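Residue numbers (the UniProt record's numbering), protein chains in the order written: chain Y, 1 to 354; chain S, 1 to 354. All C-beta atoms, glycine included, are put in the ideal place defined by N, C-alpha and C. Remember, it's a predicted structure, so these values are computed and weren't measured experimentally.
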DNA sequence: GCATTTTTTGTAATCGATTACATTTATTCG
DNA sequence: CGAATAAATGTAATCGATTACAAAAAATGC
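Structural data, given as structure tokens:
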């Protein structure tokens, strides 16, 4: 009966690095070969019950933890994926992230978070990280890089675009139909009788922004409304941009009676500015946003907005990525999920009288 | 003059795995040994200019990317750290994260994000990930695990606690003085003339919650105010908890005239509930929060709150971790940063007349 | 009981970069 | 110029788990 003491286990501390128990230590104690220990861990059904028990006991006794780096090295996979977010502090993305994380966790993948900080250069850096095998795959929640680059890259590595996409490309993508969502939002304002409707757009180099603008234009055109070009203002999806742009609009000789903002953060900034300019929302100016982030329902007036299925976007994106990493065929490469217009107070809808 | 075509580079696709260019390929093309290539990459000053140039050209020509897994394996380090967050969607943490990310990036470290979802079991799982060397160190933004466990763990691996801490432990920690912060907040309400002050606390098993409660009690005691035990309600830091608890308080025969909430999310939930119960904020009920998250200044009424230096907490935590990973001595293990009471409308302060 | 098949275990090569040590080449200096 | 020293490069072991293949042990069948 051999007993291993704690002293035996913890041993030498050399230059601060703890000497770890390795597989061969377990093998020795259990009086089997390295291979058998490995098998107990990865395919226990091929090991005789008795041997397996002995090995497991040794593992426990030595408190052995397999060295993931060595395993990764041998198998040339990290069991982790990289998710690139334009801005970690943005609520919208953190919910998508949650969807990704969940599916990833279920399938034994770690999520490495990459914050691009809205900087394209950073995005390119992240591609290299994947090239260097720091992760097995990648989900991009922002894609400002050149189309050719991403496309070529996606031929060699598992990549999924979520939310953003590239026109006419074959990169697996999960998103909603931004054009129709924006159209719905704008049409809602039109149906409420508004004619002078402004749009606070996102940056034009981002396709989402162009799509939402397009939806806005379509709605205006279909209803034979003119769009005064001064009513379309380009922002960057930030609260501050919404606030500043709305201040501009309020200063116009003929201010709009309604505003469709390309996301909720800008919409809230806009409402804030409108109020400060003594416009009542929704009475004087109705506002509609996009995304349905958490504050939108809490803020007053609560925000009418186009709701994206954030969690589902994350989950589906991870599913697409998993399939690629497992070399499964993708039957559908472009997944378009349903958005939904949520009516709240900021455009005059009242759930309950107050 | 040897030319390498794209075909040469991209080669065989076997079972979907692209054959990568490796160091030996570069060595062969540059007609040097493996070691020299390695040196060009990690200590170029030891390689003759001419040779170095030749190697760099080959690297470029073959588009060689070092295999990080192999490097990690050999050096037994991943150059990544693990950050455990109780909830990714929480604004407060995402800002701390940004501080961590920044410092990590500057020092060549990747940030692996772990979402514990407020589940202790998950936290224990993350410890094992570190044991298995998935990362070189770990920052805990939540620490519900048993003190002994974390402490023993922290002897073998680089760990930093941020925001949370463990009493009388020697684990490196970055935080503010929550007791004094809470006391300040409560005293502010007392100075405004409030006597019946409620407290919406966090879960009692979290030390932050206990500290903030303690600060509240201290302030009351010092000012010889009685604390009606029905006025202290335990929540879980969520908007919903604040909302529900405030509904309870409003239904009291003698409702409080002021509320100190243990964080901003609960404070905002509380204001929302107060309003729905026809209490005006701050006229009928003054509210103070804790954390100073972004919405707090946007929400109406804007929220008086104790501001934590979120970014700095993240940076300092990463600095402590870096020192541990580099086996440097820590001169100070417990870092306490300054908080600041920010006066806004929710307790009757008006920056500008409206 | 012995040949055949099946199951279990062991042996040793392998993944790709790093690095201690050995060797070669270049430089310095009397 | 040649010895001594310094600089540049090469050789080969190494990190720890996995796995193809070989060998041994157990089970089966006649």
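Check: The beta strand (DSSP E) that contains residue 340(Y), what's its start and end?; Outcome: 340-342
Check: How close, in whole Å, do the beta carbons of residue 185(Y) and residue 290(Y) come, if the pair is a contact with beta carbons under 8 angstroms?; Outcome: 7 angstroms
Check: For residue 164(S), tell me which candidate among 131(S), 212(S), 188(S) and 189(S) has the shortest Cα-Cα distance.; Outcome: 212(S)
Check: Looking at chain S, is there any beta carbon in it that lies within less than 8 angstroms of the beta carbon of residue 101(Y)?; Outcome: yes
Check: Using 8 angstroms for Cβ pairs, my map puts residue 341(S) next to residue 312(S). What's the rounded Cβ distance?; Outcome: Not a contact, Cβ separation roughly 17 angstroms.
Check: Would residue 239(S) and residue 298(Y) qualify as a contact pair, given that the criterion is a beta-carbon distance under 8 angstroms?; Outcome: yes
Check: When you compare each of 61(S), 243(S), 51(S) and 105(S) to residue 319(S) by their alpha carbons, which one comes out closest?; Outcome: 105(S)
Check: Interface residues of chain S around residue 183(Y) at Cβ under 8 angstroms?; Outcome: Result: empty, since nearest Cβ-Cβ is about 28 angstroms, beyond 8 angstroms.
Check: Label residue 31(S) either buried or exposed according to how many other C-beta atoms from any shown protein chain fall within 10 Å of its C-beta, with 16 as the threshold for buried.; Outcome: exposed
Check: Kindly indicate if chain Y contains any beta-carbon less than 8 angstroms away from that of residue 290(S).; Outcome: no
Check: Roughly how many whole angstroms lie between the Cα atoms of residue 262(S) and residue 345(S)?; Outcome: 18 angstroms
Check: Kindly list the residues whose CB is nearer than 6 angstroms to the CB of residue 37(Y), restricted to its own chain and excluding five residues on each side of it in sequence; keep chain order.; Outcome: 23, 26, 27 and 55
Check: Starting from the C-beta of residue 93(S), find all residues in its chain whose C-beta is less than 6 angstroms away, skip the five residues before and the five after it, and write them out in chain order.; Outcome: 85 and 141
Check: Determine which residues share a DSSP beta bridge with residue 322(S) and list them.; Outcome: Answer is none; residue 322(S) lacks a bridge partner.
Check: Using the three-state DSSP reduction, which class does residue 327(S) fall into: helix, strand or coil?; Outcome: coil
Check: Can you pull the DSSP bridge partners for residue 306(S)?; Outcome: 290(S) and 341(S)
Check: Within the 8 angstroms Cβ cut-off, does residue 110(Y) reach chain S?; Outcome: yes
Check: Residues in the same chain with beta-carbon distance under 8 angstroms from residue 324(Y), minus the five sequence neighbours each way, listed in chain order, please.; Outcome: 137, 158, 159, 160, 172 and 330
Check: Assign residue 221(S) to one of two classes, buried (16 or more other C-beta atoms within 10 Å of its C-beta) or exposed (fewer than that).; Outcome: exposed
Check: Do you know offhand how far residue 7(S)'s Cα is from residue 322(Y)'s?; Outcome: The predicted model places residue 7(S) with a pLDDT of 32, which falls under 50 and marks its position as unreliable; any figure quoted below should be read in that light. Spanning the two alpha carbons is a distance of roughly 28 angstroms.
Check: Of all the residues that make up the UniProt domain "HTH lacI-type" (21-75) of chain S, which are near chain Y by a beta-carbon distance shorter than 8 angstroms?; Outcome: 65, 66, 67, 68, 69, 70, 72 and 73
Check: So with Cβ pairs under 8 angstroms, would you call residue 97(S) a contact of chain Y?; Outcome: yes
Check: In three-state DSSP terms, what is residue 159(S)?; Outcome: strand
Check: Going by DSSP, what residues sit across from residue 137(Y) in a beta bridge?; Outcome: 81(Y)
Check: Please report the straight-line C-alpha distance between residue 71(Y) and residue 134(S), rounded to a whole angstrom.; Outcome: 11 angstroms
Check: By Cβ distance, which residues of its chain are closer than 8 angstroms to residue 233(Y), with the 5 residues on each side in sequence left out?; Outcome: 198, 199, 200, 201, 245, 248 and 249
Check: Step through the CB atoms of chain S and report whether any lies within less than 8 angstroms of the CB of residue 237(Y).; Outcome: no
Check: Pull the bridge partners of residue 104(Y) from the DSSP assignment, please.; Outcome: Per DSSP, none; premise fails for residue 104(Y).
Check: Any contact of the segment 258-275 of chain S with the segment 301-308 of chain S, i.e. 3+ C-beta pairs under 8 angstroms?; Outcome: yes
Check: With 7 angstroms as the limit, tell me which residues of the segment 112-137 of chain Y have their beta carbon closer than that to any beta carbon of chain S; keep them in chain order.; Outcome: 112, 113, 115, 128, 131, 132, 133 and 134
Check: Can a CB atom of chain Y be found closer than 8 angstroms to the CB of residue 345(S)?; Outcome: no
Check: With a threshold of 8 angstroms between beta carbons, is residue 145(Y) in contact with chain S?; Outcome: no
Check: Buried or exposed for residue 280(Y), going by 16 or more other Cβ atoms inside 10 Å?; Outcome: exposed
Check: So, with DSSP's three-state summary, where would you put residue 348(S)?; Outcome: coil
Check: Within a Cβ cutoff of 8 angstroms, which residues of the same chain sit near residue 57(Y), ignoring the five residues on either side of it in sequence?; Outcome: 30
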